[in-house]
Structure formats: structure tokens, C-alpha cells
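K.L.:
In my numbering, each residue carries its 1-based index in the sequence shown increased by 23. Ideal Cβ positions, reconstructed from N, Cα and C, are used throughout, including at glycine. Because the structure is a prediction, the values reported are computed rather than measured. There's a structure below that I have some questions on.
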Amino acid sequence: MFPVKGRQLKNMAFPILILKIAEWIIYKLILATKVRNNHGFFRTLKSSQNCQFLSSFPSVTKCGLNGRQSQTIVCDVHRTLLKSPTFFPFFMLIAFEGGSIFRAFFLLLSCPFLLILDYEFKLRVMIFITFCGLKFKDMESVGRAVLPKFYLENINLHVYEVLASAGVKMVFTSLPRVMVEGFLKDYLSVDSVKGTELHSFGQYYTGLISNSGLVVKHRALKEFFGEMKPDIGIGSSTLHDNLFISLCKESYVVNKDEMIKAMPREKYPKPLVFHDGRLAFLPTPSATLAMFMWLPLGIFLAIFRLIIGIFFPYKYAILLGSATGAHLRVSGTCPPRSESGKGVLYVCTHRTLLDPVFLSTAIEKPLTAVTYSLSKMSEFLSPIRTVRLTRDRKQDGETMQKLLSEGDLVVCPEGTTCREPYLLRFSSLFAELADEIVPVAMNTNVTMFYGTTASGLKCLDPIFFLMNPRPCYNIQILEKVPKELTVAGGKSSHEVANYIQRQLGDALGFECTSLTRRDKYLMLAGNEGLVQDCKKNTSKCSRSTR
Numbered sequence: 024m025f026p027v028k029g030r031q032l033k034n035m036a037f038p039i040l041i042l043k044i045a046e047w048i049i050y051k052l053i054l055a056t057k058v059r060n061n062h063g064f065f066r067t068l069k070s071s072q073n074c075q076f077l078s079s080f081p082s083v084t085k086c087g088l089n090g091r092q093s094q095t096i097v098c099d100v101h102r103t104l105l106k107s108p109t110f111f112p113f114f115m116l117i118a119f120e121g122g123s124i125f126r127a128f129f130l131l132l133s134c135p136f137l138l139i140l141d142y143e144f145k146l147r148v149m150i151f152i153t154f155c156g157l158k159f160k161d162m163e164s165v166g167r168a169v170l171p172k173f174y175l176e177n178i179n180l181h182v183y184e185v186l187a188s189a190g191v192k193m194v195f196t197s198l199p200r201v202m203v204e205g206f207l208k209d210y211l212s213v214d215s216v217k218g219t220e221l222h223s224f225g226q227y228y229t230g231l232i233s234n235s236g237l238v239v240k241h242r243a244l245k246e247f248f249g250e251m252k253p254d255i256g257i258g259s260s261t262l263h264d265n266l267f268i269s270l271c272k273e274s275y276v277v278n279k280d281e282m283i284k285a286m287p288r289e290k291y292p293k294p295l296v297f298h299d300g301r302l303a304f305l306p307t308p309s310a311t312l313a314m315f316m317w318l319p320l321g322i323f324l325a326i327f328r329l330i331i332g333i334f335f336p337y338k339y340a341i342l343l344g345s346a347t348g349a350h351l352r353v354s355g356t357c358p359p360r361s362e363s364g365k366g367v368l369y370v371c372t373h374r375t376l377l378d379p380v381f382l383s384t385a386i387e388k389p390l391t392a393v394t395y396s397l398s399k400m401s402e403f404l405s406p407i408r409t410v411r412l413t414r415d416r417k418q419d420g421e422t423m424q425k426l427l428s429e430g431d432l433v434v435c436p437e438g439t440t441c442r443e444p445y446l447l448r449f450s451s452l453f454a455e456l457a458d459e460i461v462p463v464a465m466n467t468n469v470t471m472f473y474g475t476t477a478s479g480l481k482c483l484d485p486i487f488f489l490m491n492p493r494p495c496y497n498i499q500i501l502e503k504v505p506k507e508l509t510v511a512g513g514k515s516s517h518e519v520a521n522y523i524q525r526q527l528g529d530a531l532g533f534e535c536t537s538l539t540r541r542d543k544y545l546m547l548a549g550n551e552g553l554v555q556d557c558k559k560n561t562s563k564c565s566r567s568t569r
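Set out below in C-alpha cells:
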């Protein structure tokens with residue numbers, strides 16, 4: 024044997040590391056080949072193990088709900104409370120909405136490597152890619168304004184009903200606590216959340232797990248309860264979850280082969296009125312890959328559709344827009360110009376910044392739109408005239424009176440957009456200015472990107488809406504408000520505003536609220552973040568003068 028000098032050993036370190044990694048990959052491939060060749064045997068063994076666990080603990084659908092108010096329940100989020108089989112989409116939401124498109128792309132590229140990793144290593148890799156260098160405030164924003172919508176849409180109804188019936192609710196999970204704690208406490212009234220803690224430096228996450236490591240649920244439960252046993256435990260049919268729930272007095276499992284019911288909107292513990300973020304779909308690996316493949320064509324289509332709307336006559340714009348996949352559905356007819364010579368005031372529900380543009384295209388006549396806040400880019404690209412208001416009631420009233428004397432006017436009295444099937448409070452200013460009022464119920468449908476934002480770049484809102492493969496605008500032009508129901512007929516401006524809000528709500532099947540633009544931004548900015556129960560409460564339609 025020849026002695027190896029220090030420098031030679033140092034030079035050999037990197038090749039040895041490469042050989043070790045190659046050896047590990049080859050081992051995994053051989054193991055996968057053996058499993059595939061012995062598929063029948065392993066499937067039988069796995070099936071028998073699952074049957075043993077399933078026979079030990081009944082399904083969560085068998086759990087009674089009565090008399091649970093004084094009992095304690097423990098459960099997990101992954102594969103239990105949420106019906107999604109993987110937590111990858113929720114890491115992707117944080118990477119895309121809280122990080123950047125590059126972080127999201129890097130997380131997507133890791134998918135093939137995640138397939139060959141075990142659960143713990145896979146979770147550590149996703150945590151590192153998602154959180155490395157992420158700011159605290161960005162995670163808080165996503166956790167408050169983005170994740171609750173997707174969590175609510177993925178809740179297992181059976182598990183939620185059992186959880187809601189218990190007096191004390193606790194969640195033990197290996198997932199990072201910051202990903203789930205806000206939602207669990209604010210929306211599901213969970214008392215305590217024990218999750219994996221992340222390491223941080225200053226106001227940034229490092230992407231590493233704290234010294235305590237990943238939470239092992241059955242150990243964490245023992246440490247918390249000691250010799251006592253929780254009353255109810257719910258988990259999946261895996262070995263680790265069976266160890267976890269076996270420490271409870273009553274144990275129930277969520278079986279993979281069971282039909283899992285999603286929670287309908289009317290059963291949400293609190294109404295979801297406001298949420299933020301650009302993605303309109305749950306970003307599973309396949310859906311995220313489709314989005315990235317679509318992006319180049321989507322950007323081109325958005326620019327082309329903008330050019331069509333700005334430079335082409337109405338009929339050609341509608342025809343060419345439909346050819347690119349953009350749909351405009353119109354019902355109702357445009358009323359004739361009033362005998363007084365003043366313009367007609369169109370009162371619209373507010374879904375995106377493009378509402379007045381699509382209405383102008385639908386009725387094939389130029390309109391003037393008043394706005395409270397609009398980016399310079401949106402004003403420059405707008406194919407119709409836009410006029411800024413100042414939020415000074417007297418001055419804005421004079422401006423709108425002048426514009427009505429020049430022609431037809433469009434106003435969105437909600438003052439801000441809302442994505443969900445709710446109508447915000449209508450400002451009563453418009454009712455004081457015109458007797459010729461035409462309500463217009465507008466709604467949109469998108470499949471990939473939302474065309475509104477509360478915290479992002481508002482100048483890109485029209486671009487994101489037009490980037491959708493098949494963006495759709497539904498416009499219902501309702502009958503003109505009878506004169507006896509206007510201010511000229513003796514009604515107060517608040518009564519007129521309330522009447523039109525309810526009329527538009529009925530046309531769209533939306534619920535009326537007393538929430539305002541200020542409420543929206545306070546909630547999405549993180550003050551309270553929750554909406555008071557406004558469902559089917561007529562008193563919520565009362566308003567105060569702005």
C-alpha cells in the first residue's frame with residue numbers, strides 16, 4: 024500500500040462523494056426493480072398489513088357526534104383533516120405566492136427526485152426549497168390570505184364534523200407549524216397545534232428544521248399528555264398513524280378506499296369572502312407543469328387580446344376574442360337614451376378592472392368609467408375613457424354629474440373587487456346623481472390565474488386575467504330601475520343602493536354583505552383576517568354614509 028498524502032486525499036473527496044451518490048441511486052433502482060418483479064407478493068403483504076390495521080380501528084364515518092362537548096380530540100392534517108393525498112400543492116402555493124416563480128419552478132423540478140425519497144427526507148427537501156430565504160412577512164401573508172381558501176376546499180367533511188363536535192381540539196403534525204397553525208386556529212377553532220419548528224435567521228427562514236427535528240406524532244402525544252389518554256384520535260391507515268391513535272381511548276381511521284366528502288361552502292365554519300394570490304387552481308405537480316408549459320403562449324395571448332380590445336371595432340373584437348378562447352356572454356338589452364338628454368348610469372358588480380371595458384364591448388358603445396384607484400399602465404391601456412375620483416363626496420358628485428351630462432357612465436359602487444359569490448356594500452353616492460339607473464350583473468370565470476390582487480402588482484391584473492386559457496365574462500343587463508324606486512321617486516339614496524344591491528345579488532345568486540373596501544384590505548393585510556357571519560342576515564345590508 025502506498026501512503027496517500029493530505030492533498031491527494033482532499034482531491035479524491037469529491038469523486039468519492041459522486042460515487043457514493045451513484046451507489047445510492049443504483050441501490051434504489053435495484054430495490055424498485057425487485058419490488059416490481061415481486062409485485063404480487065409485496066402487494067399481498069401490504070394488503071394484509073393494511074387489513075390488520077383497518078380491522079383494529081373503525082372508519083371515521085362510524086364515529087358518533089353526540090355528547091362530545093367535554094372530550095378531547097387529536098388528529099393530523101395530512102391525509103386526515105385534508106383529503107389531498109399529498110401536501111406538495113400547499114408547499115407550491117407558498118413557493119409561488121410567497122416566494123417567486125423561480126422558487127416555484129425549482130420546487131417543480133424536484134418532483135422526480137421526491138418520488139424516490141422516503142417520507143421524512145421528502146418533507147425535508149420540500150421544506151428547504153420552499154422556505155430557504157423566505158421572509159416571515161411573506162409567509163404570514165400567504166398563510167392569512169391564500170392558504171385558507173385551498174384548505175377549506177380540501178377539508179374532509181367527516182373528520183371536520185367529528186373535530187367540531189369535540190370540546191378540546193389538538194393537532195399533531197410533521198408539517199411546519201407555520202403552514203397550518205393560523206388556519207386551524209382561526210377557521211377551525213383548534214386549541215393547540217404541535218408541528219415541526221423551522222430554523223430562522225433574523226426575519227428570514229433558513230429552510231432548515233430546528234434542533235427538535237421533525238415531529239413524531241406518537242412521541243409528541245406522549246410528551247404532551249403523559250399517562251393520560253385523549254378521548255378521540257383520528258389518523259390515516261398508515262403504521263405511524265396507527266401508533267399515534269392507538270394512544271387514545273377511541274381511535275378512528277380515514278381509509279384511502281373510502282369516498283371522502285368535501286365540505287360544501289354553506290358548511291364553512293366562517294364565510295370565505297376575501298382571499299388573495301394569483302393561482303386559481305390547486306397546484307398539483309401535473310397542474311403546475313401544465314401552467315409553466317402554458318405561460319409562454321399565455322403571455323402572447325394576453326398581449327394579442329389586449330391589442331384586439333384596444334384597436335379593433337367591437338364586432339371584430341368579440342369575434343377575434345372568441346377565436347382565442349375568450350368568451351363574452353351577454354343577456355338583456357341596452358335601454359334607449361333618456362329624454363332628459365342625460366346619460367344612462369350603469370351600476371355594475373365589480374369582479375375585475377376590465378368590467379367597464381367588457382360592458383362597453385357588450386353593448387357596442389363607448390362608455391366612461393369612474394375609478395378610485397387605477398395604475399397608470401391600466402389607464403394607458405384602457406380602450407375606454409377613465410376618470411379618477413378623489414373620495415371627496417362633494418367633489419366626486421360634481422364630477423359624475425358632469426360626466427353624465429356628456430354621455431353614459433359606468434360605476435362600480437362596491438369600490439373594490441371580490442372573487443367569491445358575495446356583494447360588498449354599495450356606496451350610495453351614485454343614487455343621488457341619476458334617475459336613469461341600469462343595474463348590470465357581472466361575473467367572471469377563470470381556471471388558471473386570478474385577475475385581481477390586494478398585495479401584488481395591480482398593473483398586471485388585466486394581463487393575468489387575459490392569460491387564462493378560456494377567460495369568460497358573463498354580463499346580465501337588468502331592467503332599468505323604476506322611477507318610483509329612485510331618489511326622484513322619494514326614496515333615500517341608501518334605500519336605492521340597498522335595493523340595487525339585492526337585485527344584483529338575486530340575479531347572480533350572491534349574498535349581500537355590509538363589508539367595504541376598507542374591510543377587505545384590513546383583512547388581507549392581517550389585522551383580523553376573519554369575516555363576521557354575514558350569511559342570510561338582512562341587517563348586514565344596512566350601511567352608513569361615506
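By the DSSP assignment, the beta strand (DSSP E) with glutamine 499 in it spans what residues?
P.N.:
495-500
K.L.:
Contact defined as beta carbons within less than 8 Å: I believe valine 510 pairs with proline 358. What is the distance between those atoms, to the nearest angstrom?
P.N.:
Contact annotation, valine 510 with proline 358: C-beta distance approximately 18 Å; criterion of less than 8 Å not satisfied.
K.L.:
Does the contact criterion of 3 or more C-beta pairs under 8 Å hold for the segment 397-415 versus the segment 494-502?
P.N.:
no
K.L.:
Tell me whether threonine 413 is buried or exposed, calling it buried when 16 or more other Cβ atoms sit within 10 Å of its Cβ.
P.N.:
exposed
K.L.:
For the candidate residues Met423, Asp542, Tyr395 and Phe381, whose alpha-carbon lies nearest to that of leucine 446?
P.N.:
The shortest C-alpha separation from leucine 446 is found at Asp542.
K.L.:
Hey, out of Leu237, Leu456, Met471 and Phe449, whose CA is closest to asparagine 521's CA?
P.N.:
Phe449
K.L.:
Candidates Pro171, Met490, Val433 and Met149: which alpha carbon is nearest tyrosine 291's?
P.N.:
Pro171
K.L.:
For leucine 221, name the three-state secondary structure that DSSP assigns.
P.N.:
strand
K.L.:
Quick one: measure Cβ to Cβ for valine 148 and leucine 137, integer angstroms, because I've assumed they're closer than 8 Å.
P.N.:
6 Å
K.L.:
If we ignore side chains and look at the alpha-carbon of each, how far apart do glycine 236 and phenylalanine 111 end up?
P.N.:
20 Å
K.L.:
Unbroken beta strand (DSSP E) runs of length 3 or more, entirely within the segment 448-485: which are they?
P.N.:
460-468
K.L.:
Is valine 182 near valine 277, with beta carbons less than 9 Å apart?
P.N.:
yes
K.L.:
Can you tell which of Arg200, Tyr228, Thr307 and Lys284 has its C-alpha closest to the C-alpha of phenylalanine 128?
P.N.:
Thr307
K.L.:
Hey, quick one: how far does the alpha helix (DSSP H) through isoleucine 152 stretch, first residue to last?
P.N.:
142-154
K.L.:
Select from Thr196, Gly121 and Asn177 the residue whose C-alpha is nearest the C-alpha of alanine 168.
P.N.:
Gly121
K.L.:
Give me whichever residues DSSP pairs with tyrosine 599 in a beta bridge.
P.N.:
What the structure shows of the chain is the stretch from 24 to 569, and residue 599 is not part of that stretch, so it cannot be assessed.
K.L.:
With a Cβ-Cβ cutoff of 9 Å, do valine 100 and leucine 198 count as a contact?
P.N.:
yes
K.L.:
Within the same chain, show all residues whose beta-carbon is closer than 7 Å to that of asparagine 630, passing over the 5 residues directly before and after it, in chain order.
P.N.:
The requested residue 630 is not part of the displayed model; the chain covers only 24 to 569.
K.L.:
Spell out the partners DSSP gives cysteine 98 in its beta bridges.
P.N.:
Val194 and Ile257
K.L.:
Can you tell me where the alpha helix (DSSP H) with threonine 384 in it begins and where it stops?
P.N.:
First-last of the alpha helix (DSSP H) with threonine 384: 378-386.
K.L.:
Taking only the alpha-carbon atoms, compute the straight-line gap between proline 436 and alanine 349 and give it to the nearest angstrom.
P.N.:
26 Å
K.L.:
Does DSSP put arginine 411 in a helix, a strand or coil?
P.N.:
strand
K.L.:
The alpha helix (DSSP H) spanning threonine 583 covers which residue range?
P.N.:
Past the edges of the chain, shown from 24 to 569, lies residue 583, and the structure says nothing about it.
K.L.:
I'd like the ranges of any beta strand (DSSP E) spanning at least 3 consecutive residues and lying wholly in the segment 287-357.
P.N.:
350-354
K.L.:
Could you pull out every residue in the same chain whose Cβ sits closer than 7 Å to the Cβ of serine 398, ignoring the five residues on either side in sequence?
P.N.:
Lys481 and Cys482
K.L.:
Please state whether DSSP places asparagine 179 in a helix, a strand or coil.
P.N.:
Under the three-state reduction of DSSP output, asparagine 179 falls in the strand class.
K.L.:
Count the CB pairs spanning the segment 92-107 and the segment 243-258 that are closer than 8 Å, and state whether there are at least three.
P.N.:
yes
K.L.:
For a test of the three-state rule: what should DSSP assign to glutamate 273, helix, strand or coil?
P.N.:
strand
K.L.:
Considering cysteine 134, what are the terminal residues of the alpha helix (DSSP H) in which it resides?
P.N.:
134-137
K.L.:
Measuring straight from C-alpha to C-alpha, what distance separates threonine 375 and phenylalanine 195?
P.N.:
40 Å
K.L.:
Cβ of lysine 572 within 9 Å of Cβ of valine 238?
P.N.:
Because the chain spans 24 through 569 in this model, residue 572 falls outside it and cannot be assessed.
K.L.:
Distance check for histidine 373 and glutamate 246, CA to CA, integer angstroms please.
P.N.:
Rounded to the nearest angstrom, the two C-alpha atoms are 52 Å apart.
K.L.:
Would you please state the rounded distance, in angstroms, between the beta carbons of tyrosine 174 and phenylalanine 206? I believe it to be under 8 Å.
P.N.:
5 Å
K.L.:
Flag this pair as touching only if the segment 290-304 and the segment 449-458 have three or more C-beta atom pairs under 8 Å; answer yes or no.
P.N.:
The answer is no - the segment 449-458 does not touch the segment 290-304, with fewer than three Cβ pairs under 8 Å.
K.L.:
For threonine 229, which residues from the same chain have a beta carbon less than 7 Å from its beta carbon, with the 5 sequence-adjacent residues on both sides left out?
P.N.:
Cys155, His222 and Ser223
K.L.:
Alpha carbon to alpha carbon, how far is aspartate 419 from cysteine 495?
P.N.:
A straight-line Cα-Cα distance of about 32 Å links aspartate 419 and cysteine 495.
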